[in-house]
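Mapping the sequence shown onto this note's numbering, position 537 (from 1) lands on 865, and the numbers just tick up by one. Input: a single structure, listed below in C-alpha cells.
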Amino acid sequence: MSSTLSVPKLRKLLLSLTVFTLTACDISQLNNPYPDTDHGQAILYSSFSERPKHLDPAVAYSSDEYGFIGQIYEPPLQYHYLKRPYQLQPLTATKLPTVRYLDKQGNMLPDSANDAEIAFSDYLITIKPGIAYQPHPAFSQNEPGRYLYHALSDEQLSAIDTLTDLPVQQSRTLTAEDYVYQIKRLAYPKTQSPIAELMAGYIDGFAEFAQATAEIPLQELKNQTLRGVQALSDHQYRIRIKGKYPQFQYWLAMPFFAPMPWEADVFYAQPGLKNKNITLDWFPVGTGPYWLQENNPNRRMVLAKNPHYHPDFFPTEGDPGDHEAGWLNDAGKPLPFVDKVVYTLEKESIPYWAKFLQGYYDASGIASDSFDQAVQFSGSGDPQLTQMMREKQIQLQTSVATSVFYMGFNMLDPVIGGDSEANRKLRQAISIAVDYEEFIAIFANGRGVAAQGALPPGIFGYQDGEAGINPVVYDWQNGKPRRKSLEKAKQLLAEAGYPNGIDPKTGEALLLYFDTTATGADDKSLMNWYRKQFEKLGIQLVIRGTDYNRFQEKMRSGAAQIFVWGWNADYPDPENFFFLLYGANSKVKQGGENAGNYANPEFDRLFEQMRNMDNSPERQRIIDRMQNILRQDAPWLFGYFPKDFALLHSWYKNLKPARMINNRLKYSRIDTELREQKREEWNKAEFWPLLLGFALLAVAIYPAVKAYRRQQQETKS
C-alpha cells in the first residue's frame, strides 16, 4: 500500500501538533493539585490517611484526632511552645490555677501540710473575659433566649446537608460554666469518655454524678450538680480533687478539659441530624485559632482561621540557643500566622512523597520505602540529609519522643518472674543479649535511642550521659554507653542456673514464650530476629502469635510470659511512666497499666513519695534510686525511645519539635513567596522532548509529503 496523505489530513495533523505544543507551554501547572485561587495565600498543606474517628474532645484520645481538635478547642492551660522540659502556662486562663488544700472537714490547710492531712485539693481557675466561640448555628437566636435551630422541623431537616445550609451563624463569649459542663460530659455514662474511670478516682463526686445521670437525657445534663466542680462566677470555676494530685494540672492542658457550650449538645442531639453526619464528631465547636470549615473524609478536611479568635502572641523567650536557631524570629507577633490548613486524603505514602518533593506538601515524615532517598547516616551514626534533599534546601528535624517501647516480663511467671536472685539474673542476661541498637538499625531505620531506664528525654528525672546509663547492661566507654559483652550475659545466665542456656530440669534448651499480635507475613523477619537474640544464650524462644483480643485476655489473666508493650506520655511527668511499674497498678490483680505485674515494696514506697512532689533536687534523687531498682530487678528490657524524623521545606517556619503540644499549628508560618518560587523552579516543563518528538514526527512525515507532491505533479502533467 502506498504511503500517501491527503491535504486535509496533513492540515489536521499539523494543527494537532501546534495545539499540543502550545498546551505544553502550560504543562508546569497541570500537576498542581490545588486551585488557582490558592495562589499566594497563607495556606499550609498537609494530608490524612483516614478520617479521625472522634472530634468530640470528651472522647478523642489519639494523635490523629488531636491533630485537629487541638487547633479547635482550648483547655485552660497549654505548654510553652519553646521551653524544654515542657512548662505549663495559661491559655484561656489568666494564670496557672491557684491550689488550696483542705482537710476532711473542709478546713483550709497551709501549703506545707503533710500529704496525709490533705483530704482535698481545690483548683481555682480564672478565665480571660471576652473570648468568643467560632460562628455556629447552635448559638443563633432571633431574640434573646429563643434559638433558631434547636427545634428543627422535618421540612428544615430535609433541606440540610451540612452546617453551612443553616444561614445564620452566630457566636457567644466563653464562660466558666462551659468548662464545668464539659466535665459533666466526661462523667456522663452515655458519652463513654476513655478517662471517665480514671477521673472517678480523682474528682470529688464524679462517680456519684455518673451513677445519678446514667438514665437522664442529654438535654437535662446542664442542670445536674456535680459536687466537686462548680462555676463560682462567669469567669471562675473550681475543681475539687481527692487528696493531693499535682499532676492534675497537666490534664488541664488536654482537650478533655476544653470547654463545651451546652447549646452544641442540644443542637446535635436533634433527631435527623445524625443520619446526615451532622454531629459533634464531625463538626466541632470551639474557641481555638481554627474551625473545621470542611470535613469530606473521601477528599479533604480544611481548617480555617476563627474570625473571633482572641489575642494570642508568639513567645518572646525560649531555651538557650532558640534565638540563634531562628525560633524567636516571630517573637511577640499575633497568632495564628496561617489562614487555612488543607488536609488532602492520601492513602499511600508514595504519592504523598512525590508531591512533597514537588513542593505541594509543606512537610513530610519519612516512610521506610523513601528513607534512603532522604536520609543517610554518617560514620558516627548521625542522620544527615542526602544530596538531593540538601539541593532542595529541605530541613531535617529529629527529636526523641516522650514514648517508650519495651520488652516486658510477666513477674507472676515462675520461670521469668519473681524476685529471686536467680530469676533476676536470668532477666539481666536477656537484657544484655537482646541488642536493641541492632533492632533500631534494622527495623526502625535508625530512628530511636536505646533506653537506659523508664524515663525518656524531656521528662523530669531523665539523666543524660554517664549518670543515666543502665550499669547492668552497659559500660561507659569513650564518652558513650557500650553494651556489655555476650560473655557477661552468659555468665549471668549460668549464675541463674542455666549454663549455656540449658534447663537443668529437662537437660535441654530453656524454653521461653513470647506472646505477640504480630502474626502477619511482614512480621516474620522481626520474629526471627527475636529468636536469634535468645539463641545467643542457647535459649529457645517460642513465638505464640494470636489476635488482639486473645492477647489482651492473656495479659489480663497473667497467661503471657514475655511480651512487647509501649507507652506514649499523657503528660510530661515521671509519674506518668513510673506508674506503669507501681505494684498497686498490676494488670492481673487490679486491672491497671502495670502490664508486667511488677511489685517491689521499696520501689512502691519511693513512688508514693515521689508522685506528689514538685520538681526539685530531692525529687531527682528519689527518681535516681527508683531507676536503679528497676535496672537491677529488670522487670522490663527497656527497649528504646522512638525518634521522630520530619522533613520541612525551607519556607516552613517555626515548627520546633514538640510532640506533647497539641496546638502547634497556630505557631506555624509559611513564606508563600518562597514557596511559589520553588514550586515554579521544581516543576518547569522540559520542552526538549516535545521538540525532539516534533522533529522526529516531521522526519517520518516527510516521505509522505514528498510522495504526495510527486503524485500531484504527475496528475497535472
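Glycine included, each C-beta is placed from N, C-alpha and C at the ideal position. This structure is a prediction, so every number in the text was calculated from the model and none was measured.
Nearest-angstrom beta carbon gap, residue j and residue i [assumed within contact, 8 Å]
i	j	result
F931	M954	6 Å
V557	I531	7 Å
V630	A559	Rounded, the Cβ-Cβ distance is 34 Å, inconsistent with contact.
T730	I787	6 Å
V728	V777	6 Å
K661	D489	The Cβ separation is near 39 Å, so there is no contact.
A779	G967	5 Å
Y995	F641	10 Å between Cβ atoms; not a contact.
W655	L410	6 Å
W646	F891	For clarity, residue 646 is Gly in the given sequence; the question names Trp instead. Not quite, the Cβ-Cβ distance comes to about 40 Å (not below 8 Å), so this is no contact.
Helix, strand or coil at residue i [DSSP, three-state]
i	result
D392	helix
Y565	strand
R947	helix
Q462	coil
P970	strand
N634	coil
L1025	helix
E1001	helix
D796	A small fix is needed here, since residue 796 is Gly in this sequence, not Asp. The answer is helix: DSSP assigns G796 an H, G or I state.
R628	strand
F935	helix
N956	helix
A352	Because A352 carries a pLDDT of 46, less than 50, the predicted location of this residue cannot be relied on, and no value is offered for it.
P809	strand
I371	strand
S759	helix
I867	coil
F534	helix
S706	coil
E815	helix
E645	coil
R1038	helix
K432	coil
Identity of the residue in the options nearest residue i by Cα
i	options	result
G924	W964, Q960, N896	W964
A761	G434, Q861, P664	Q861
L865	S813, Q701, K661	S813
T454	T553, P985, A504	A504
F576	Q948, Y899, K981	Y899
K570	Q469, V743, A695, N940	N940
I758	Y790, W1010, Q960	Q960
S708	P662, N806, F733, F969	N806
N991	P425, A581, K1006	A581
T714	D366, E1001, L975	L975
L476	K456, P457, Q498	Q498
N943	P970, Y926, E903, R933	E903
L405	K1012, E1008, M988, E1009	M988
Q367	Q725, R1007, Q484, Q598	Note on residue identity: the sequence assigns His, not Gln, to residue 367. The residue with the shortest Cα to Cα distance from H367 is R1007.
A538	N634, E483, L424, A515	A515
D364	W1010, I1029, E1004	E1004
E823	Q756, L480, I951, D792	Q756
M938	A927, D952, Y926	D952
N751	N877, L820, Y618	L820
R878	H464, E765, D843	D843
E836	G825, T845, Q701	G825
A1046	L526, V670, F699	The structure shown does not extend to residue 1046, since the chain is modelled only from 329 through 1045, so no value can be given for it.
K1012	G687, L783, D747	G687
Spatial neighbours of residue i in its chain, beta-carbon cut-off 7 Å, leaving aside the 5 residues before and after
i	result
P612	L383, I397, I400, Y401, L620
R379	P625
D803	R810, K812
Q918	A912
I459	T420, T501, L502, T615, H638
Y389	P522
L437	Y429, L430, D431, E445, I446
E674	S375, S377, Y680
Beta-carbon contacts of residue i that lie in its chain and below 6 Å, excluding the five residues immediately before and after
i	result
P1031	none
A466	E591, A592, F595
K512	L549, L554
Cβ-based neighbour list, residue i, same chain, cut-off 8 Å, excluding 5 preceding and 5 following
i	result
V387	T519, Q520, S521, P522, D609
I998	A370, I371, L372, F665, V666, D690, W979, Y980, K981
Within-9 Å CB hit, residue i to chain B
i	result
V916	In the structure shown, chain B cannot be found, because there is only a single protein chain.
| Is the segment 406-418 touching the segment 439-448, taking contact as three or more C-beta pairs under 8 Å? | no
| If you pair each beta-carbon of the segment 883-891 with each one of the segment 732-742, do three or more pairs fall below 8 Å? | By the Cβ test, the segment 883-891 is in contact with the segment 732-742, since at least three Cβ pairs between them sit closer than 8 Å.
| Is it true that the segment 818-831 meets the segment 865-880, where meeting means three or more beta-carbon pairs spaced less than 8 Å apart? | Three or more Cβ pairs drawn from the segment 818-831 and the segment 865-880 lie within less than 8 Å of each other, which places the two stretches in contact.
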